[in-house]
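Enquirer: If you read the sequence shown in our numbering, its first letter stands for residue 1, the second for the next number, and so on. Glycine included, each C-beta is placed from N, C-alpha and C at the ideal position. Could you have a look at this structure, given as structure tokens, before my questions?
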Amino acid sequence: MPKAGNRSNNKKNRRKIGYNIKWILMISIWTFLLAILVSLLSENLMRNLGLLTATVVLNLIILLGVIFDIIGTAVTAADEKPFHSMASNKVIEAKYALKLIRNAGIVSNFCNDVIGDIAGIISGAAGTIIVVKVISLYDFKNVAAISVIVSSIIASMTVGGKALGKEFALQKTNKIIEFASKILMILDKKFRIDLLPDLKRKKRGRRRDD
């Protein structure tokens, strides 16, 4: 019996490792493609905007990175127990909440690293465009000083926003998971987009092992 149990665990571990490798390869490729696409789109868009509008867009990009960082932090800090009771009460979102928590590694990697890094790249490029606009509008001679000031503002907003976001995520973990699970549910029910199919495969695997 112990040997059979060990074989079953080894199979599960191999499946998990195989899936993790596929996820790493897939997310690396998608990050590369998304970074190129979003950078090109944002740079072309920002060049055609006025200084005020470009500044607003930059703030939205930073905010997007902070929001995803909050979700990634909340997922790693969340506990399944409250959502088990929600599931027993037939709350539909609970299934998606459990899915998020059980895939915490994947979700946090995507939210904190992928989206966070892309937002950082775009905000840096947007900052450069804003520097050019400021210099051309106000005829500043000290380009280096303006560039340093804008970069410092972007860095402080990003770091400060994420620090506040992490504190918020740890205090309101369940509320954030509920919000994210509702978005997953809408994507699945209305658009047939299942972002985390991993859990379904695990369930089928368990049935075979049992």
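Compare the beta carbon distance of Gly-72 and Ser-39 with 7 Å and say whether it is the shorter of the two.
Expert: On the sequence shown, position 72 is the one that residue 72 refers to. On the sequence shown, position 39 is the one that residue 39 refers to. Not in contact: Gly-72 and Ser-39 (Cβ atoms no closer than 7 Å).
Enquirer: Leaving aside the five residues before and after Ile-215 along the sequence, list all residues of the same chain whose C-beta is less than 7 Å from its C-beta, in chain order.
Expert: Any answer about residue 215 is impossible in this case: the structure gives the chain only from 1 up to 210.
Enquirer: With 16 other CB atoms within 10 Å as the buried threshold, where does Arg-47 fall?
Expert: Along the sequence shown, read from residue 1 onward, the residue named residue 47 stands at position 47. Per the 10 Å Cβ criterion, exposed.
Enquirer: If Ile-146 sits next to Ile-153, beta carbons under 8 Å apart, how far is it from one beta carbon to the other, in whole angstroms?
Expert: Taking the sequence shown and counting its residues from 1, one reaches residue 146 at position 146. Taking the sequence shown and counting its residues from 1, one reaches residue 153 at position 153. Contact flag wrong, Cβ pair sits at about 11 Å.
Enquirer: Report back the beta-carbon spacing between Thr-55 and Ile-130 to the nearest angstrom; my notes put them in contact at under 8 Å.
Expert: Translated into the one-based positions of the sequence shown, residue 55 becomes position 55. Translated into the one-based positions of the sequence shown, residue 130 becomes position 130. That pair is a contact at about 6 Å.
Enquirer: Can Gly-65 and Gly-127 be called in contact, C-beta distance under 7 Å?
Expert: As a working note, residue 65 is residue 65 in the sequence shown. As a working note, residue 127 is residue 127 in the sequence shown. No, these two residues do not count as a Cβ contact at 7 Å.
Enquirer: Return the CA-CA distance between Gly-50 and Leu-63, expressed in angstroms with no decimal places.
Expert: Walking along the sequence shown from the start, residue 50 turns up at place 50. Walking along the sequence shown from the start, residue 63 turns up at place 63. Their Cα atoms are separated by approximately 20 Å.
Enquirer: Along the chain, where does the alpha helix (DSSP H) containing Lys-81 start, and where does it finish?
Expert: Against the sequence shown, residue 81 aligns to sequence position 81. Counting along the chain, the alpha helix (DSSP H) containing Lys-81 begins and ends at 81-88.
Enquirer: Consult DSSP for Asp-194 and reduce its assignment to one of helix, strand or coil.
Expert: In the sequence shown, residue 194 corresponds to position 194, counting from 1. Three-state DSSP puts Asp-194 in coil, outside helix and strand.
Enquirer: Do Leu-100 and Phe-83 come within 7 Å of each other at the CB atom, strictly closer than that value?
Expert: On the sequence shown, residue 83 is found 83 positions in, with the first residue counted as 1. On the sequence shown, residue 100 is found 100 positions in, with the first residue counted as 1. Cβ atoms of Phe-83 and Leu-100: not closer than 7 Å.
Enquirer: Is it buried or exposed, Asn-112, if we count other Cβ atoms within 10 angstroms and call 16 or more buried?
Expert: The count along the sequence shown starts at 1 and reaches residue 112 at position 112. Classification of Asn-112: buried, given that the 10 Å Cβ count is 16 or more.
Enquirer: The alpha helix (DSSP H) spanning Asp-69 covers which residue range?
Expert: As a first step, residue 69 must be located in the sequence shown, where it is residue number 69. Here the alpha helix (DSSP H) through Asp-69 covers 51-77.
Enquirer: Return the CA-CA distance between Thr-158 and Ser-42, expressed in angstroms with no decimal places.
Expert: For the purposes of this step, residue 158 is taken as residue 158 along the sequence shown, with counting starting at 1. For the purposes of this step, residue 42 is taken as residue 42 along the sequence shown, with counting starting at 1. The straight-line gap separating the alpha-carbon atoms of Thr-158 and Ser-42 is approximately 18 Å.
Enquirer: Rounded to whole angstroms, what's the CA-CA distance from Leu-184 to Asp-139? Just pull it up for me.
Expert: Numbered from 1 along the sequence shown, position 184 holds the residue referred to as residue 184. Numbered from 1 along the sequence shown, position 139 holds the residue referred to as residue 139. Distance between the alpha carbons of Leu-184 and Asp-139 is about 48 Å.
Enquirer: Please classify Asn-48: does DSSP put it in a helix, a strand, or coil?
Expert: Against the sequence shown, residue 48 aligns to sequence position 48. Looking at Asn-48 - three-state DSSP - the assignment turns out to be coil, as it is neither helix nor strand.
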